[in-house]
Structure formats: C-alpha cells, structure tokens
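Same order as they appear, the protein sequences are chains S and E.
Per the numbering used here, the first sequence runs over residues 1 to 567.
Per the numbering used here, the second sequence runs over residues 1001 to 1359.
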Amino acid sequence: MSTQTHEPATTGTALSFENLSVTFQTEFSDVKAVKGLSLEVFPGEVVALVGESGSGKSVTSTAAMGLLPSNASITGKAFVGGINVVNLPEAKMRKMRATDIAMVFQEPMTALNPVLTIERQLTESLELHGLAYGKEATARAVELLEMVGIPEPRKRIKQYPHQFSGGQRQRIVIAMAISCDPKVIIADEPTTALDVTVQAEILDLLRELKDKLNTGILLITHNMGVVADLADRVAVMFRGSLVETGTVDQVLNRPQHPYTQKLLAAVPRLEAVDISGDWQPEPIAPVNPNRTLVLEAKNLVLEYDMRGSKFRAVDDVSFELARGEILGIVGESGSGKSTIAKAVLGLLPVASGVLAVQGQNLTQLRPKAARAVRAKIGVIFQDPAASLNPRFPIGDCITEPMVVHKVGNRAARIKRATELLEAVHLPASVINRYPHELSGGQRQRVCIARALTLDPELLIADEPTSALDVSVQAAVLEMIQELQERYEFACLFVSHDLAVVDLLAHSVVVMKDGHAVEQGRVSDVLHAPQHDYTRRLLAAAPVPEPGEQAVRREARRILLANDNPDS
Amino acid sequence: MSEHQNNDELRGSSNMQSEMGPDGHPVVSLAEVEDAELAKNESQSRSQGQLIRRRFLNHKPAIISSVVLVFITVMAFSSIGFAGIPGWWDKDYSKAGELINGGAPTLSLLPTWLGGSGLAFGESPFGQDNTGKDYFALVMRGTQKSIIIAVIVGMVATFIGAIIGAVAGYFRGWVDEVLMRITDLFIVIPLLVLAAVLAQMVGNKSGSIFALAFVLGLLTWTGLARLVRGEILSLREREYVAAAQAMGSKTSRVIFKHLLPNTVGVIVVNATFAIAGAILLETSLSYLGFGVQPPETSLGLLISQYQNAFTNRPWLFWWPGMIIVAIALSVNFLGDGLRDAFDPRQTRKAKRRKTKELS
C-alpha cells in the first residue's frame, strides 16, 4: 500500500471536475453530452452521480478514465489525485489507470476475460504497474480475493470466470479495481446486472471496502435505492448539467430542484413489509363464479433441450388469470419466470401439464388453431431497442398483427394505427418514422400499441420496464394501467422488480428455481410474506430513503443471521 | 464542505431555466423532453436506406468506381450494339479488314503541345488483330459478355446463398446440419476444377454464355450462405422476431420480412464481391479454354487467343487485361463503399486511428 509515489494531501480531493464539458461530433450535428460540470469526490467518500439515460453521467466518468472515443472534444478540467487528465497523453494516462483511478463495470459477465484464469487477470495489473511479480503477486491476489469475500481463495484463484456465479464475478471485478490501491474507484452501475439479493451483498462489500481503504468512490447509478444504501453525497444530473448536489439525506428527503422531486416521486416504492408476524390479512373475497378465466396453468412443466439432456426450467406451477386482472410473476434470474411467458407465447413447447388460453389447451391445438389463438395475445418485451424491426416504419410495426391475421384493409389499418398511437400518447406523425428515431420509452410505447392492435384478451409483459429510466418507467406503467382499465384485458406481468409488481398487479406468483414458492394476492404476499425466500427478496430490495434503508439493512442482517445461525 | 453553497449556485445559474416547456414551466421530466423533441422534430424522417445512401455518396473511392463501372458498361453496350440494336461504332468485331500500320492502335491521347499528335481516335483506336479485325469492337464485345456473365453469376449465387443461409440459420438442428455439410462439400472441391468440368459439359451442349454463367453461379454461393447463416443465427434471437412469431406470423413471413431484409448489408456487399470474383473466374476459365468458346468471345478468351502476340503486338494483350483490372477493382471498391455505408462502425474506427497517429 505504500507504493504510491505522491500521497494526496488530506484536504485534497480524490477526483474532481472543474467546469467539464464534453461534446460529441456525430454524423449530423454536435451533441453536448456534458455541460460545465463541477464535482468533487473526497477520499473515503461515496459520491453518487445519478441521472437518467442521456444525462451524461457515464460520459463524465469515462472522461475521467480518458476512455472517450476520438469524436469527443473535452474542455474544462478533471483532476485525478491532483493531476489534470483532460487531454493527457495516452501513455501517461495508461500509467494512471489502476494505480490512481480504477473502474468497476456494469456487466460482470463480460468484464472478465473467459480464457484467462482469475489469477492471471488479477496479477496482470500488479505486474504491469510493477507493484508485485510472480509469487508475491499471486499472494497479493489471494489476499484481494479474501478481502472481497470469495471463499477458499487459494484454490479458486486457479479457476476460470465461468466457474463463478454472477455475484462472485462482480466481487472479482471489484478485487481487480482495488488491486493497485487506486485513489478513486468509478463504479458504473455496479449492481444493475445483478439480482436484488446479490446486489445487497455487493453493496455491503463496497461499503466495507471504502472504509477499509479510504478510497473515493464515484458511484454511477439510476437506482435511488442503491444511492440511499451506499452514498454519502449525491449529485443529480439532467441533460448534461448538474441540477442538484448535497448529502444523501438532503437530496433524497428534501429535494430542491423540480427534476429531482419528480424523479424521486417516480420511483415505485414497496410499502413497509410486516416482519413482526402479526399481520391480519383482509378477508378473502369469494371467487366470482362468473369470471372468465383467460389464462390457466395447471401443474405446468417446461423444459429446455440442452443438447440431448432436458433442463427443467419450470416445475409444477399452477395459476389462474381472469379477465381484467393483472398477475405478476416475480423471481430472480433463472427462476423460470420468463420461460412461462415464452410458453404462453408459443415460443416453447409445454412438456407436461395444462396451459390454457380462454379454455383452449395450447398443447393440444393444431397449428392453425394455435395461430388463431395468437391473435388474442399481445406481447411486450424487455428490450425496446430489439423488439421493433429496424426496417419497418412505426406504422407498419403497429399494424403488423393485422397483416399477419389478415384483418382490415390498408385504410382501416392506418386508422387503427393512429388510434393506438393516440392511446399511447404519441403524435400521429410518428407513423412514418423509423424505430431508431425514437427513444427507449417511446419505442416501448409503440410496443404497447402493437400489443393492443387486435384488442387482445391477454397481454404478456415480459419485464417491460426494466430497460427504461425511472421516470419513463413510471409513465409506461401508468399507461399499462390506464389501458388495462380501458380495454379490460388480462395481463401476465413478468418482472424482477417487486415494487413495480406491487404497484400494478392484483395477484402475484413468487418463483425460485422453477418452483412457485408463494402465490396469492399482492397485498398478502408482498406485505406479509410467509415464505423465507419472499422475505429475503423483500428485505434485499433497497428503498430510496437513507434512514429507512439503514433500518431495513439492519433488519435484513438479522433475518439472514436467523436463517443461518452457524454463520 | 460546501454543498449548500454549491446548491445555491447551481440553482442560480442552472441551464435548466433555458429549457422551457410549451406552458412556460421548466421541463423536468425525461419523458416530456423526449416527447417534445419528437413533436418538434419536423425534419424529414430518414429511413435506414436513406442513411446508408448518404454515407455511400460520401465515400469517394466508391463513387469514382461507380462512375468508371458505368462508363465501361455504357461503352461496351452502346458502341457495338446489343441484341440486334446497332451501336454507334461502325466496324464489326467479326469481319476481318485490311491491316493498317501493322494493326497498331490509332488512339492518341497526348495533345499536340506536349509533342503528341493531338486527341484523336483514328480508324481503329485499340488497333487491329493479326487478321485485321477491329480490336476495339472485339474488346467491347468481350466486355459485354464478361459483364453479363458476372452479373448473372452474382445474382444466382446471391439468391441461392441467401436462401440456403437463411433457412439453415432459422431452422437450425438437422436442416442446418444437412445444408451446411452440402456447403462444405462445395467448398472442399477446388472451384476452378469443378467449374472447368461443369462448364465444359454445359458448353459442349448449348454453347451459350448464359448456361455457363448459371453453372458458375451454382458453384459460388457458399461464402454468402455461411455469412447469411451466421447473421440470421444472431438476428433470430432478437425480440422483434420473437414478437412476430408470437403474433402468429408464418415462418416464411418471419424469414422474408423480418430476417432477410436485416441482412441486406451482408448480402449486397457480398454480391459485389461475388461479381468481382465471377469476372476473374470467367477470365481464368476462358483463358484455360474451358469457359466461353469461340466464336463467342470474352475478355479472358481474348487474352488467351492473343497471348503469343505479347512481345510484338502488346496492345492485343493490354486492352482486355486493363479492362478486366478496371472492372474487378471498381467492383471491389464499390463493395468497400457499400460495406462502410452499411456498417458505419468500421469507418469510425479508421478515423480514430488517424487522429491517434496525429496526436
């Protein structure tokens, strides 16, 4: 740790920006990504840079790393440990990376090289910067792995990235970031790609490390819960400029700027979970015998063919979904929640059990009848960038179901498209535009319009808002709710975000490893969970209020301690 | 620390004030800003095709090549006429004439003030062959045939390659296995040998260059099939394909409406390279005597027929050779331009390299 040549003075900042502006030259015009930003990060402090997509938060951090593409022109100053890195020659910048400034990336799956062992990747920067060689470097790497909480580091250091879980990989990425004792770590959405329970663990780790190492952390995130959990200070960015800075308490509890206020209001919040155990559920209303079941699953089993062997993704799941209801399916990645949506859409055959749409069992339908059933199902996918054909104008995208099912003539189709565009609050002129001209939220609204083209009985929404910004997410959710009340379709809402499901759904199925661990009304399951897994899931989801989050963190610690008394 | 002060400063000088919504309030929601921009955006909507055309037109080598290619094609077809329509050149390629000045080219490009004889075409600008045939007419005739063959080969190969690649990539499983093994079979047999044998067989039967072109097309689709298959394999995982399947689209609609149009970049670029390859393949075959048979002629055949004249009458060798090089090169540059237009990331990389060298 004494290898640094120039110790920062106690009053010095680890990272600071002075009037930083970044402009990108693109094919058509110049885009101002960052407009005169000033910000300081002190050693041992976590500053959260929050904002929605296009706010310039990632560009700011990339500028500090000197990794902006060549079409960017940077003005102003960015100091890393007292050295201005703006327009610093590449060779000098390279020397500073890892030793002065390090980065934790969003996607741990791609941040590690799959063909090199963890040992090789961890010792690489140590050897490149001449801090340790050979056995010494390996010993240091083992020490780092121990520090980030990888069990049996001596044995596991010889392994390859695919032998670790996603959370462990992110721990390794963090170990790489701290390997050369940087003055500042930039964590660019470090937990966005992770499940909530893993996210909570990674946040704990980061909190522990910043106290231990006295490093400044610039945390870039869009998740206000993460901010409340980890940050000391918050800087809010909107469209390239800083609109508000302050301590986490100031910004999250008493936001001054209207943008921050709106942003915080848009974050869906889970109502307080009852952990005392004396929750009195509302009396269960008798099931209306006249209700029409739109979707029904009985002992549903779904399997993937993995080169000969079968992998059971969904095992013995049953649920019912009536007209006008929204059923949420929640779970972490790999729980099989999206697989159910796929099966309803006919993209995956049913292995056994019953999956019926309006009483017709999908497994027994002939292809032609199955195609007719498809007309009654609308779908919204997760990624708005990939779910519209880039070569179709918006009008064609929306009317495609009509073309496929041979409904209406051209004039009727155009009329329907304008109607739907109006329903999703987009201008009618969009009809001749192409998907790449629209933002993510607008594209997702086009997807919603497309899903509703044929007045579906059933809407499948597979993580429809997880790729969207908070405020856009709020608008899209509101829209789904509004349209659902207007058209009264049934909706199968698949999501990993418990707060979103809480906001939208009437009933919920909690899934884990292909099994439904708990299901019932949202008000019961999400507010007085009976199953341990649901409790853990709920406890791990951070809330955007620092005080409350501290309480929840403590509650979660107790919950976990009760679960495994040995540890 | 100075957060309070910071906050006040920021609120005072915030650039947010400049962005007002239609009702006079500052716009503070991303969704609203995006919608406002969309509503405001009156500009002509650009489709992907228009963006590509724009980038292509900015690619100088490709534009120069297009001009050269168009010039050669127009010359070849208009000068001696095509399919019974007479051209503006008065000499027949098949009639022997009187040898003038040993058949040397009468074309002169050097102006008089540089010591030349001025800009003049003369009687036979490309010279005459040893029987006194006008070589300009002969070369133009060969160029015509070579271009026809190349275009047909390009179209046939592209069509077969795209279909086989798309079907293999979409269905995967045993369909993919069978189609790709067939592709491998075509690849492992040396192309020139196979083409020579088949062309000979076809040539003996019909003697038409169309049959020859068709056969060559049947042999050269393999590269494109593999590329299209790879592209389709990745595209079929996109959500718009899943959406199309989920709404009940037929397989043919998914392949031809959603998948193939999105591989058009790969297809167009490789079609141009297939054309360039076909010109060279036809030339090689004709040179070896397996391709176009006399009395038909082609550029390769001309080179082969007059290779002995290289020392004493080099023009008989140079003219067809130069035109082959010109066509092949310009088609290749055209392909380069199209590739850069379809995949703008590649051009940007090149730019970055340049700026790094400067700094």
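For each residue, glycine too, the CB sits at the ideal point set by N, CA and C.
Around the Cβ of residue 562 of chain S, a 10 Å sphere holds fewer than 16 other Cβ atoms; the residue is exposed.
Here residue 1250 of chain E carries a coil assignment [DSSP, helix/strand/coil]. If you compare the alpha carbons of E:1197, E:1095, E:1155 with that of residue 1131 of chain E, the shortest gap goes to E:1095. Straight-line measurement puts the Cα of residue 102 of chain S at about 48 Å from the Cα of residue 1181 of chain E. Any Cβ of chain S closer than 8 Å to the Cβ of residue 1236 of chain E would place that residue at the interface, and such an atom is absent.
With distances taken between CA atoms, residue 1080 of chain E lies nearest to E:1145 out of E:1063, E:1031, E:1061, E:1145. For residue 1306 of chain E, there is no enclosing alpha helix (DSSP H), as DSSP gives it neither H nor E. Ranking E:1261, E:1314, E:1213 by CA distance to the CA of residue 1274 of chain E puts E:1213 first. By the Cβ criterion, the stretch 347-362 of chain S is in contact with the stretch 302-320 of chain S, since at least three pairs of Cβ atoms, one from each stretch, lie closer than 8 Å. Residue 132 of chain S has a beta carbon lying at 8 Å or more from every beta carbon in chain E. Residue burial is scored here from C-beta neighbours: residue 257 of chain S has at least 16 other C-beta atoms within 10 angstroms and is therefore classed as buried.
In terms of beta-carbon proximity, residue 475 of chain S lines the interface with chain E, with at least one pair separated by less than 8 Å.
DSSP places residue 366 of chain S in no beta strand (DSSP E); its state is neither H nor E. The count of Cβ pairs closer than 8 Å, one atom from the stretch 57-69 of chain S and one from the stretch 184-191 of chain S, reaches three, so the stretches are in contact. Those residues of the stretch 489-519 of chain S placed with their C-beta closer than 9 Å to a C-beta in chain E do not exist. If you look at residue 1153 of chain E, you'll find it in the alpha helix (DSSP H) that goes 1135-1171. Boundaries of the alpha helix (DSSP H) harbouring residue 533 of chain S: 532-540, taken from the DSSP string. Under the DSSP definition of a beta bridge, residue 304 of chain S partners with S:311.
Beta-bridge pairing by DSSP links residue 24 of chain S to S:31, S:72. Within the stretch 91-134 of chain S, the complete alpha helix (DSSP H) runs of at least 4 residues fall at 108-111, 118-128. Less than 8 Å separates the beta-carbon of residue 543 of chain S from that of residue 269 of chain S. Check the Cα spacing between residue 371 of chain S and each of S:390, S:151, S:406: the tightest is with S:406.
Taking C-beta atoms as the reference points, residue 1280 of chain E and residue 1292 of chain E fail to come closer than 8 Å. The continuous alpha helix (DSSP H) containing residue 1342 of chain E extends over residues 1315-1342. Under the three-state reduction of DSSP output, residue 340 of chain S falls in the helix class. Here the stretch 337-350 of chain S lies against the stretch 293-304 of chain S, with 3 or more beta-carbon pairs under 8 Å apart. Under the 8 Å Cβ criterion, the stretch 407-414 of chain S does not count as touching the stretch 465-476 of chain S, having fewer than three qualifying pairs. For residue 241 of chain S, no alpha helix (DSSP H) encloses it; the enclosing beta strand (DSSP E) starts and ends at 241-247. When Cβ pairs closer than 8 Å are counted between the two stretches, the stretch 137-153 of chain S is seen not to touch the stretch 239-257 of chain S, the count staying below three. Between residue 34 of chain S and residue 104 of chain S, the CB-CB gap reaches or exceeds 8 Å.
A straight line joining the alpha-carbon of residue 404 of chain S with that of residue 479 of chain S spans about 26 Å. Rounded to whole angstroms, the separation of the alpha carbons of residue 49 of chain S and residue 42 of chain S is 14 Å. Here residue 106 of chain S has 188, 189, 192, 193 as same chain residues with Cβ atoms under 6 Å from its own Cβ, once five neighbours each way along the sequence are excluded.
Nearest Cα to residue 1219 of chain E within the set E:1183, E:1310, E:1326, E:1321: E:1183. Per DSSP, reduced to three states, the secondary structure at residue 1035 of chain E is helical.
Contact annotation: in the stretch 387-407 of chain S, residues whose CB is within less than 9 Å of a CB in chain E are 387, 388, 389, 390, 391, 392, 393, 397, 400, 401, 403, 404, 405.
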